[in-house]
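Following: one structure in structure tokens, then a few remarks.
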Amino acid sequence: MENSRAKKTCCESVQDFFTSAKFLIYLGHALSTWGDRMWNFAVAVFLVELYGNSLLLTAVYGLVVAGSVLLLGAIIGDWVDRNPRLKVAQMSLIVQNSCVILCGIILMVVFRFKEQLVEAYNGWLLTTCYILVISIANMANLASTAMSITIQRDWVVVVAGQDSSKLADMNATVRIIDQLTNILAPMLVGQIMAFGSHFIGCGFISGWNLFSMFLEYTLLWKVYQKTPALAVKGGQKAENQQELKQLSPVKESETGQSPEESSQPLMNANVAAVKNVAPKERGCCQQVTEPLRTFKAGWKAYYNQSIFFAGMSLAFLYMTVLGFDCITTGYAYTQGLNGSVLSLLMGASAVSGICGTVAFTWVRKKCGLVRTGFISGVAQLSCLMLCVFSVFAPGSPLDLSVSPFQDVYSHLVGEKTLPEAEQLVIALTGGNVTATGAPSQELPSVKSYMSVSLLFAGVIAARVGLWSFDLTVTQLIQENVIESERGVINGVQNSMNYLLDLLHFIMVILAPNPEAFGLLVIISVSFVAAGHAMYFYFAFKSLGRRLFLCCSPEPNVETDDSPSPTDVAV
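Just so you know, we're using our numbering here: the sequence shown kicks off at 4 and counts up by one.
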């Protein structure tokens with residue numbers, strides 16, 4: 004009888020977990036991320052295929068996406084703050100998936116009738132299709148940004164309640180889902196396009212997003228029902244705040260005041276500002292300039308946050324070529340690595356990232372949240388030293404005597420380049436060719452792979468510290484930004500990330516040659532070091548000398564000027 008009760012209790016525990024709000028968020032995030040990763044991978048392939056194997060459309064798409072988030076990040080975040088949580092999540096979901104479905108349909112038409120579209124109106128109809136695809140795909144990315152802010156930066160915090168450990172575990176699980184889908188989703192859609200066609204790939208992605216949209220919508224509604232605290236948002240009616248207080252209690256003896264009271268002055272200021280400027284009293288100029296004022300206010304609020312330097316440190320990590328993006332992959336190809344080796348390296352990088360998320364939860368419990376970021380930064384920088392050593396190791400193509408604009412100049416003046424076969428010989432031998440195109444006899448016939456091996460060893464090992472640091476800053480923002488400003492602060496943070504990401508692409512455009520890649524590696528490591536230096540300043544300002552004492556408890560990161568709605572038990 005006791006065994007049956009124990010068995011029943013175990014079954015009930017499993018059932019409770021799979022029906023809990025936490026698991027439903029994981030499932031919805033997995034579906035959403037899977038669709039995002041498939042589309043982000045496929046849209047680049049589609050644009051390259053449609054434009055004659057040129058990267059022009061892909062580059063334009065990347066520039067439009069990055070520029071849009073950079074300019075509209077604060078406005079999107081402000082919209083997230085001003086509207087009810089369920090409305091924001093549902094609208095973002097519908098807009099995102101609908102845009103992807105529409106893009107898929109347009110691309111299917113283009114792939115099917117490309118020849119007719121080229122001849123129609125001297126090709127202008129096809130150009131219009133390209134513009135529509137890039138514009139609608141950009142709208143999908145903006146909706147995805149809003150969805151990411153509201154779910155990962157807000158809903159997760161509310162579902163976790165006041166439990167900092169639970170919040171850390173949820174953040175780590177969400178990041179593991181990101182890592183897995185980042186590998187598996189492109190593999191699936193790549194196989195579909197390889198064994199089927201691009202037309203079938205577009206149809207599959209559109210069908211997936213249609214199916215996923217209804218399922219995610221249902222999951223969002225169930226999470227909202229299971230977590231009544233989501234119905235209460237900073238700045239709303241005071242009588243509803245009692246429900247939040249009952250669901251996620253805070254010990255007033257520890258904080259001295261309730262979360263609602265701690266953020267009440269700012270909420271009152273916001274409400275007063277809204278009352279002073281009624282919608283009917285606003286002039287035309289005020290309505291037109293409102294987005295600009297929101298943009299300015301968002302960046303000012305971000306600058307005034309106590310975690311400003313922590314957020315800036317994370318943004319600086321985007322200014323790097325030391326990641327598994329198209330730039331590092333292209334450099335690897337010039338150094339003789341084939342696709343099979345690169346796929347294995349990407350898999351190892353994902354495993355390293357998962358190890359970083361697991362390490363984050365363990366180190367945070369032992370040393371505290373702020374110290375975890377410091378430890379993660381030291382670990383990342385130590386591993387990146389291998390990348391610096393690779394610049395000077397045997398096999399490195401570093402040659403600063405080669406002009407970084409040589410390739411651009413060659414294309415402009417029409418200078419003849421060597422045939423591809425001879426370029427391959429150069430890449431594999433690491434030497435020059437004679438006037439007849441034959442390899443120079445005085446150069447070694449076997450290329451040394453020590454440099455590229457050290458480079459990727461450092462990149463892969465550094466992922467442990469990178470993802471642990473990313474989770475640290477993410478949770479610091481979640482716990483130290485008041486509820487009424489979570490959206491706008493995270494929107495500005497996304498804008499900062501995209502800004503530094505754009506700068507790293509500009510850096511590559513200025514020095515595109517493999518001979519200058521070593522210089523880019525040194526610049527990248529310098530920016531990473533500068534970012535961690537800013538975090539060290541933030542951590543030392545928060546903890547002082549206790550930063551180096553892992554057994555010492557960490558105080559609240561917040562200052563009196565920026566109260567937090569949560570008790571930061573870091």
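All C-beta atoms, glycine included, are put in the ideal place defined by N, C-alpha and C.
query = Could you give the uninterrupted runs of the alpha helix (DSSP H) lying entirely in the region 335 to 417, keeping only those of 4 residues or more?
reply = 342 to 370, 372 to 395 and 409 to 416
query = Is residue 133 helix, strand or coil by DSSP?
reply = helix
request  = With DSSP as the reference, label residue 116 as helix, strand or coil.
outcome  = coil
message = What would DSSP say about residue 166, mapped onto helix, strand or coil?
response = coil
task = Determine the direct distance from the alpha carbon of residue 169 to that of residue 13, and round the result to whole angstroms.
result = 21 Å
message = Counting beta carbon pairs with one atom in the region 513 to 531 and one in the region 87 to 102, are three or more of them shorter than 8 Å?
response = no
task = Return the Cβ separation of residue 550 and residue 377 in integer angstroms, given the expectation that the two are a contact with Cβ distance under 8 Å.
result = 6 Å
inquiry  = Taking only three categories from DSSP, how would you classify residue 16?
reply    = helix
query = Can you give the Cα-Cα distance for residue 120 and residue 128, rounded to whole angstroms?
reply = 6 Å
key: 8 Å Cβ shell around residue 399 - same chain, five flanking residues per side excluded   = 393, 454 and 521
ask   = Given residue 17, which residues of its chain have a CB within under 6 Å of its CB, disregarding the five upstream and five downstream residues?
value = none
task = Keeping to the same chain, check which residues put their C-beta closer than 7 Å to that of residue 40; ignore five residues upstream and five downstream.
result = 184, 185, 188 and 189
key: C-alpha distance - residue 220 paired with residue 297, whole-angstrom precision   = 29 Å
message = Closer than 8 Å is the cut-off here; do at least three beta carbon pairs connect the region 156 to 171 with the region 103 to 114?
response = no
ask   = Which class does residue 324 belong to by DSSP, given the choice of helix, strand or coil?
value = coil
Neighbour-count burial assignment, residue 541, 16 or more Cβ in a 10 Å radius = buried
message = If you follow the alpha helix (DSSP H) that residue 42 is in, where does it begin and where does it stop?
response = 24 to 53
query = Under a three-way DSSP split, which group does residue 182 fall into?
reply = helix
query = Would you report the Cα separation of residue 155 and residue 234, rounded to the nearest angstrom?
reply = 17 Å
message = Please report the distance separating the alpha-carbon of residue 52 from that of residue 130.
response = 14 Å
query = What's the C-alpha gap between residue 228 and residue 32?
reply = 17 Å
message = Cutting at 8 Å between CB atoms, please list the residues of its own chain near residue 60, excluding the five before and the five after it.
response = 50, 51, 53, 54, 133 and 137
task = Kindly indicate which residue of 35, 173, 68 and 90 has the alpha-carbon position closest to the one of residue 216.
result = 35
ask   = So what's residue 308 in DSSP terms, helix, strand or just coil?
value = coil
request  = Could you tell me whether the region 21 to 30 touches the region 190 to 197, using the rule of 3 or more Cβ pairs below 8 Å?
outcome  = no
task = Answer yes if the region 368 to 388 comes into contact with the region 198 to 217, meaning at least three C-beta pairs across the two stretches below 8 Å, and no otherwise.
result = no
key: Same chain, Cβ closer than 7 Å to residue 180, neighbours up to 5 away in sequence not counted   = 29, 32, 33 and 36
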